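Novice: The numbers in the sequence shown follow this note's numbering, run straight up by one, and end at 210.
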Amino acid sequence: MLAGVNAMGQASIGAGYLSSTETVKSGNSSTQRTPLNGFYVGMGYTIPLAGSLNFTPGVYFGMASKNNVASIFGLKIEGKQQDSFINVPLHLSFGGELGGNMRVFVYGGPSASIAVASKIKSGNTTYDRLTDNESLQRFDVMLGGGVGLVFNDMIRFQVGYDFGMLNRYNSNNYTVKRNQLTAGVAFLF
Numbered sequence: 022m023l024a025g026v027n028a029m030g031q032a033s034i035g036a037g038y039l040s041s042t043e044t045v046k047s048g049n050s051s052t053q054r055t056p057l058n059g060f061y062v063g064m065g066y067t068i069p070l071a072g073s074l075n076f077t078p079g080v081y082f083g084m085a086s087k088n089n090v091a092s093i094f095g096l097k098i099e100g101k102q103q104d105s106f107i108n109v110p111l112h113l114s115f116g117g118e119l120g121g122n123m124r125v126f127v128y129g130g131p132s133a134s135i136a137v138a139s140k141i142k143s144g145n146t147t148y149d150r151l152t153d154n155e156s157l158q159r160f161d162v163m164l165g166g167g168v169g170l171v172f173n174d175m176i177r178f179q180v181g182y183d184f185g186m187l188n189r190y191n192s193n194n195y196t197v198k199r200n201q202l203t204a205g206v207a208f209l210f
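(1) Just to confirm before moving on: does the CB-CB distance between residue 161 and residue 129 stay below 9 Å?
(2) Where are the beta strand (DSSP E) runs, 3 residues long or more, that stay fully inside the segment 39–94, in chain order?
(3) In whole angstroms, what separates the C-alpha of residue 85 from that of residue 158?
(4) What does a CB cutoff of less than 6 Å around residue 200 pick up in its chain, not counting 5 residues either side in sequence?
(5) For residue 145 and residue 204, what's the separation of their Cα atoms in angstroms?
(6) Which one or two residues does DSSP pair with residue 158 in a beta bridge?
(7) Assign residue 193 to buried or exposed, taking buried as 16 or more other Cβ atoms, counted over all protein chains shown, within 10 Å of its Cβ.
(8) Taking residue 200 as part of the beta strand (DSSP E), name the residues at either end of that continuous run.
(9) What's the C-alpha gap between residue 63 and residue 34?
(10) For residue 175, I'd like the list of residues in its chain whose CB is within less than 6 Å of its CB, leaving aside the five on either flank, ordered along the chain.
(11) By Cβ distance, which residues of its chain are closer than 6 Å to residue 179, with the 5 residues on each side in sequence left out?
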């Protein structure tokens, strides 16, 4: 049975743009932090289920950063934040032929997200948000979806958005959730 699934499945290697945003909520107020922009790279495996319905698990590494500049009492303070994640999507997709060797599809489902690193650097000082702050959680479950196009069963373009479902900050006073936008290309084998 596994040999039959393997013969029908299709592996992919992909990369693209990643924008990660944290939303911080305290009481009745909510603030969305400036997005971190970067890239993702990884692989997936599409397994046909029935008709045009497919299951695509994958493993992707993402890295995003931003430069912060603030002015306090006339002093300019500069810093950089860099976050890295491993995302494991478990997506279902459904699509159809458009003609001209082109297919369109929609996808959705959960993704496990594990923070690998989250560092803030200002001058010569580096603060690790994961190890120096025991309240920030590494694990998140994201729920999302998107759309894509496949050309000649060789190249796939897709855009998607994931919503963080879990509070990444272990505190009664704050709620921190991370969302991400992705847009990229994958080569199918």
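Where is the CB? At the ideal position from N, CA and C, for every residue including glycine. Note that this is a predicted model, so its numbers are computed, not measured.
Specialist: Checking against the coordinates, here is how it stands:
(1) If you number the sequence shown from 1, residue 161 lands on position 140. If you number the sequence shown from 1, residue 129 lands on position 108. For residue 161 and residue 129, no; Cβs fall outside 9 Å.
(2) 50–53, 57–71 and 74–93
(3) Here residue 85 corresponds to residue number 64 of the sequence shown, with the count starting at 1. Here residue 158 corresponds to residue number 137 of the sequence shown, with the count starting at 1. Rounded to the nearest angstrom, the two C-alpha atoms are 18 Å apart.
(4) Here the question's residue 200 lines up with position 179 in the sequence shown. Taken in chain order, the residues that qualify are 42, 184 and 185.
(5) Position 124 of the sequence shown, counted from the first residue, corresponds to residue 145. Position 183 of the sequence shown, counted from the first residue, corresponds to residue 204. Answer to the nearest angstrom: the Cα atoms are 34 Å apart.
(6) Position 137 of the sequence shown, counted from the first residue, corresponds to residue 158. Its beta-bridge partners do not exist; DSSP assigns none.
(7) Within the sequence shown, residue 193 is the residue found at index 172, counting from 1. Exposed.
(8) The count along the sequence shown starts at 1 and reaches residue 200 at position 179. Start and end: 196–209.
(9) Numbered from 1 along the sequence shown, position 42 holds the residue referred to as residue 63. Numbered from 1 along the sequence shown, position 13 holds the residue referred to as residue 34. Spanning the two alpha carbons is a distance of roughly 6 Å.
(10) Indexing the sequence shown from 1 puts residue 175 at position 154. Cβ neighbours of residue 175 beyond the five flanking positions: 209.
(11) As a working mapping, residue 179 is identified with position 158 in the sequence shown. Answer for residue 179: 167 and 169, listed in chain order.
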